[in-house]
Structures are given as structure tokens and as C-alpha cells.
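Trainee: First the structure, then my questions, so here it is.
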Amino acid sequence: MDKVIEAFTGINEEGKKSRIPAKLDKALTASGVLLAIFMMAHMFFVSTILFGEKTMYTVTKMFELDFIFDGGLPIIVSVFVGVITAIFIVHAILGVRKFPTSYRAYLRIKEHSKMMKHTDTSMWMFQWISGFIMMFVAMIHLYIMFTQPQNIGPYASAHRVVSENMWLLYMVLLICVELHGSIGLYRAAMKWGWFDGENPKETRAKMLKAKKYVSIFFLTLGAVTLLAYIKIGIERADHLPMKYNPTDTIEIIKK
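Written out as C-alpha cells, the structure reads:
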């Protein structure tokens with residue numbers, strides 16, 4: 074009964090303000106930071122295609138623990154994707170609390186943002202819009218990675234991008250994920266005062282500039298990487314999405 078009263082009034086049985094919203098905010102921040110770090114690492118992983126098909130293949134096999142199990146075990150990738158999916162779902166559920174609960178609430182926030190011309194408020198609006206989009210788009214990608222870990226590689230991934238028309242989904246994901254993540258890291262640092270120092274106002278300006286650079290870097294890297302997969306996919310459009318085999322490449326070069 075105490076929990077029911079606290080849920081409706083925001084006050085616990087001792088008459089004090091409930092600490093649950095703060096705890097949920099901390100959980101939201103923690104899960105968001107984990108996902109943002111993962112997405113940055115993920116971008117570096119997929120961008121290894123820029124260094125050649127063999128490099129991307131080598132990194133893929135490393136994630137399958139090829140150095141322990143001969144040939145690697147794709148199921149390890151499925152387990153890892155499952156963990157990331159669980160964190161993503163928790164983060165999404167916690168984030169829904171921040172969504173406008175009605176059209177009137179949305180208009181109020183929108184007009185407030187216009188009137189104040191406040192950068193952080195505008196970024197927050199983009200966050201929940203992009204978050205809403207990702208609840209659908211990102212789950213498609215995660216499901217494919219979870220159920221088809223064996224199809225991660227230079228040829229199979231490129232085939233998926235072009236022949237299976239996934240390029241549009243990945244383009245939407247790129248914009249939403251990279252901006253959502255960089256904005257999230259910036260807002261978390263500002264909210265919890267991680268780097269305030271002696272002059273919080275100056276720190277905010279520096280952090281905002283850093284956020285812009287991070288966004289530009291990862292959006293550019295993501296766009297170039299996607300184009301690289303598209304190029305391979307177009308060149309191999311008439312081929313089956315067979316697995317890349319570095320020994321096949323060596324034999325072709327010798328011939």
C-alpha cells in the first residue's frame with residue numbers, strides 16, 4: 074500500500090519526497106552511457122571495412138573468439154547482442170517517462186523551446202523523437218544480428234545493405250543513434266555535473282563544442298562506411314552472400 078501511495082503522490086510513508094524518480098534517472102543515465110560507449114565502439118568495428126575486406130573479416134572472427142575456438146563461434150555474438158538488447162529495452166522503458174504524455178504537453182514544450190531558443194531544450198526534443206524512432210528501427214537491426222550472427226562479414230553485410238535494401242534503415246539508424254548518443258552524453262555530463270569544475274558556464278560551452286565535433290566525426294565516419302558497404306554490395310550484386318574467405322582472395326591474386 075505504501076508503494077501505491079508513493080506512486081500517486083510522490084511522497085513516501087515517512088512524508089518525504091520519493092527518491093524513486095532520481096534512482097530511475099540514474100538508471101537511465103547509466104544505461105544510456107553504456108549504450109553510447111557501445112555504439113562508438115560498434116562504429117569503429119563496422120568501419121574496419123575501410124581498411125579492406127580482410128581487416129573487417131579478422132575483427133569479426135575476433136569477436137567470435139576465433140583465437141580460442143577454431144573458426145569462431147557466431148553464437149557468442151548472439152549472446153552479446155542479447156545483452157545489448159536487454160540494456161536497450163531497459164533504457165527505452167526508462168526513457169518513455171520523459172516523453173510528452175499528450176499533444177498539449179508536446180505543444181507546450183515546442184513553444185517553450187521556440188520562445189527560449191535554448192539549445193539544450195531543442196536537443197532534448199530531438200532525443201525523445203530519435204529515441205521513439207529507434208525503438209522500432211534499432212530493434213529490427215538487433216533482431217537480425219541476434220538471429221543471423223553467421224552473416225556478419227564483408228560480403229554478407231554488404232549483401233544485406235544492398236540486395237536486401239537495408240541501406241535506408243541503416244541510414245536512419247546512423248542519424249538517430251549517433252546524434253542521440255552524443256547528445257545523451259553531453260546532457261548527462263551537464264545534468265550530473267561530472268566536469269563542472271570552477272566555471273560551469275565555461276565548461277558547458279566547451280562540452281557543447283566537443284559534442285558537435287563528436288557528432289560530426291561519427292556521422293562522417295558512418296556515412297563513409299555505409300558507402301563502402303554499398304560499393305561492395307553493388308559490385309557483388311550478382312553473387313550469393315557467401316562468406317568471405319581470405320584464402321580465396323590470396324588464390325585470386327596468385328592467378
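In terms of the working numbering, the sequence shown has 266 at position 193, counting the first letter as 1, and numbering is strictly consecutive.
From the three backbone atoms N, C-alpha and C, an ideal C-beta is built for every residue, glycine too.
1. Would you identify the three-state DSSP class for His312, choosing helix, strand or coil?
2. If Val297 and Leu123 are in contact, beta carbons under 8 Å, what's the gap, nearest whole angstrom?
3. Could you tell me the alpha carbon to alpha carbon distance between Lys316 and Gly295, rounded to whole angstroms?
4. Spatial neighbours of Gly155 within its chain, please: C-beta separation below 8 Å, excluding the five flanking residues on both sides.
5. Of the residues Arg260, Tyr259, Val210 and Gly270, which one's Cα is nearest the Cα of Leu330?
6. Can you tell which of Gly145, Ile182, Ile289 and Arg170 has its C-alpha closest to the C-alpha of Asp38?
7. If you reduce the DSSP assignment to three classes, tell me which class Ser151 lands in.
8. Please identify the residue among Phe136, Gly168 and Ile182 whose C-alpha is closest to the C-alpha of Trp201.
9. The alpha helix (DSSP H) with Leu241 in it runs from where to where?
10. Do Val150 and Ser104 count as a contact pair if the criterion is CB distance below 9 Å?
11. Please check the pair Met196 and Ile256, which I expect to be a contact at CB under 8 Å, by giving their CB distance rounded to whole angstroms.
12. Could you give the DSSP three-state label for Asp193: helix, strand or coil?
13. Which of the three DSSP states, helix, strand or coil, is assigned to Arg177?
14. Could you tell me whether the stretch 214 to 229 touches the stretch 124 to 138, using the rule of 3 or more Cβ pairs below 8 Å?
15. Considering only residues of the same chain and omitting the five flanking positions on each side of Leu215, which have a CB-CB separation below 8 Å?
16. Can you list, in chain order, the residues of its chain with a C-beta nearer than 8 Å to that of Phe205? Leave out the 5 residues immediately preceding and following it.
17. Only counting the same chain, and skipping five residues up and downstream in sequence, which positions put a Cβ closer than 8 Å to that of Ile326?
18. Can Gln223 and Pro147 be called in contact, C-beta distance under 9 Å?
19. Could you spell out where the alpha helix (DSSP H) holding Glu126 opens and where it closes?
20. Quick check: what's the CA-CA separation for Ala109 versus Pro94?
21. Would you say Ala165 touches the ligand ATP, meaning its beta carbon is less than 8 Å from a heavy atom?
22. Compute the Euclidean distance between the alpha carbons of Ala100 and Phe140, then round it to the nearest angstrom.
23. Here's the rule: buried if 16 or more other CB atoms are within 10 angstroms of the residue's CB, otherwise exposed. What is Ile305?
24. To the nearest angstrom, how far is the alpha carbon of Lys285 from that of Phe142?
Mentor: Once the coordinates are examined:
1. coil
2. 7 Å
3. 23 Å
4. Phe219
5. Outside the modelled stretch of the chain, which goes from 74 to 328, sits residue 330, for which no answer is possible.
6. Summary: the structure shown does not reach residue 38, with the chain confined to residues 74 through 328, and so no result is reported for it.
7. helix
8. Gly168
9. Trp240 to Trp265
10. Contact check for Ser104 against Val150 fails: the beta carbons are separated by 9 Å or more.
11. 5 Å
12. Correct three-state label for Asp193: helix.
13. Note: Arg177 maps to helix in three-state DSSP.
14. Contact holds: three or more Cβ-Cβ distances are below 8 Å.
15. Val154, Ile157, Thr158 and Phe161, listed in sequence order.
16. Phe172
17. Legend: pLDDT at Ile326 = 37, less than 50; position of this residue unreliable, no value from coordinates given.
18. yes
19. Glu126 to Phe136
20. Ala109 and Pro94 have their C-alpha atoms roughly 22 Å apart.
21. The model on display carries no ligand, and the ligand ATP is accordingly not part of it.
22. 35 Å
23. buried
24. 42 Å
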